[in-house]
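Here the structure is laid out as structure tokens; the discussion comes afterwards.
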Amino acid sequence: MQAVATHRNDIYDDVGHPIPVTPSPSNEKEAPGSEALDAFVAGLYNETFNIVAALVNRSLSTSARTSASILLLDTPGADNPMCAGQQSGAPLSKLLSNYLQ
């Protein structure tokens, strides 16, 4: 039985390529609780949409040729915070209003 790698270098040795490091948006300083929560929710929002899209795509995928398609548009997510000059993604209030209504 092989032990699970827990150190970054061990993981590199196991997979054979470097594991990317996501830089801290707060420049290596601790973010206040509200900023940390907003960053967590922005990632959760993104993953939720990706999972929903993947599930829809998987259920629609078929080897037969189709004559129709479904387009999934995340209109609440269309207001990209980066375009509005914000440094982070959508906050908790956006997730709650867009998906929990």
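Mapping to the UniProt record's numbering: the sequence shown position 71 is 71, numbers consecutive.
C-beta atoms are modelled at their ideal positions from N, C-alpha and C, and glycine is treated no differently.
Inset, instruction - Put ARG58 into one of helix, strand or coil per three-state DSSP. - result: In the displayed model, ARG58 falls within a helix according to three-state DSSP.
Inset, instruction - Give the straight-line distance between the Cα atoms of ALA54 and LYS94, rounded to the nearest whole angstrom. - result: C-alpha separation (whole angstroms): 21 Å.
Legend entry - Neighbourhood of LEU37 by C-beta distance below 7 Å, restricted to the same chain and skipping five residues each side: Once the five neighbours on either side are set aside, the close Cβ partners of LEU37 are LEU92.
Legend entry - C-alpha distance - PRO32 paired with ARG65, whole-angstrom precision: For PRO32 and ARG65, the distance between alpha carbons rounds to 52 Å.
Inset, instruction - Within 10 angstroms of the Cβ of VAL56, are there 16 or more other Cβ atoms? Answer buried if so, exposed if not. - result: By the neighbour-count definition (other C-beta atoms within 10 Å, threshold 16), VAL56 is an exposed residue.
Inset, instruction - Compute the Euclidean distance between the alpha carbons of ASN50 and GLU35, then round it to the nearest angstrom. - result: CA-CA distance, ASN50 to GLU35, rounds to 23 Å.
Legend entry - Rounded C-alpha distance that separates ASN46 from SER61: Cα-Cα distance, rounded: 22 Å.
Inset, instruction - Report the rounded CA-to-CA distance for PHE40 versus VAL52, giving the unit in angstroms. - result: Rounded to the nearest angstrom, the gap between the Cα atoms of PHE40 and VAL52 is 18 Å.
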